[in-house]
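Novice: Attaching a single structure in structure tokens format; questions to follow.
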Amino acid sequence: MLQFTSKLRWTLSFLFFIFITNMAFAKMDKFRCVWRDNPATSMTIAWNQESGSNPTLYYGTTDYETNTNKYIYSKTPTKTVKAKGMLNCFVRLVNLEPNTKYFSF
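In this note's numbering, the protein residues as written are 2 to 106.
And the structure:
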């Protein structure tokens, strides 16, 4: 139960920072996390891209807020799906450190 609570806390923190920081530059909504492999080291982040172009997820273990040049990692969607008026973007993160808080923009 403790491991699940820790994972849930990490996930909610991750989603919170994605949601708050990205809203300033592009209109995005419907964020979700998906796990396919080991949830301690990998995660897929998905969202609906309503406006803006060239969606990119910047992330790392330090919160640099809107300064994207300082984040150590960046990824563009590995998959996008247009359906029912939505543009769903999916970024797969691998080799994450277990029990580590990540921040993103």
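Just so it is clear, CB atoms sit at the ideal spot from N, CA and C, and this is done for glycine as well.
Going by Cα to Cα distance, which pick from C34, E51 and P56 is closest to S43?
Specialist: Within the sequence shown, numbered from 1, the residue matching residue 43 stands at position 42. Among C34, E51 and P56, the Cα nearest to that of S43 belongs to C34.
Novice: If you drop the 5 nearest sequence neighbours on each side, which residues of the same chain put their C-beta closer than 6 Å to that of V95?
Specialist: Position 94 of the sequence shown, counting from 1, holds the residue named residue 95. Correct list, in chain order: S43.
Novice: Just tell me which of G86, K102 and R93 has its CA closest to the CA of E51.
Specialist: Residue 51 sits at position 50 when you count from the first residue of the sequence shown. Considering only alpha carbons, the answer is G86.
Novice: Start and end of the beta strand (DSSP E) containing R33?
Specialist: By 1-based counting over the sequence shown, the position of residue 33 is 32. Note, R33: beta strand (DSSP E), M29 to V35.
Novice: Excluding sequence positions up to five away, which residues of its chain have a Cβ less than 7 Å from the Cβ of I21?
Specialist: Taking the first residue of the sequence shown as 1, we reach residue 21 at position 20. For I21, the predicted model reports a pLDDT of 44, less than 50, meaning its position is unreliable; a value from the coordinates is still stated below. There are no such residues.
Novice: Could you name the residues of the same chain whose beta carbon sits closer than 8 Å to that of G53, not counting the 5 residues immediately before and after it, in chain order?
Specialist: Position 52 of the sequence shown, counted from the first residue, corresponds to residue 53. For G53, where only same-chain residues beyond five positions count, the Cβ hits under 8 Å are F26, A27, K28 and M29.
Novice: Where does V92 land, buried or exposed, given buried means 16+ other C-beta within 10 angstroms?
Specialist: Taking the sequence shown and counting its residues from 1, the one referred to as residue 92 is at position 91. That one is buried.
Novice: In the DSSP assignment, find the beta strand (DSSP E) that holds F91 and state where it starts and stops.
Specialist: Numbered from its first residue, the sequence shown carries residue 91 at position 90. M87 to L94 is the span of the beta strand (DSSP E), which, as asked, contains F91.
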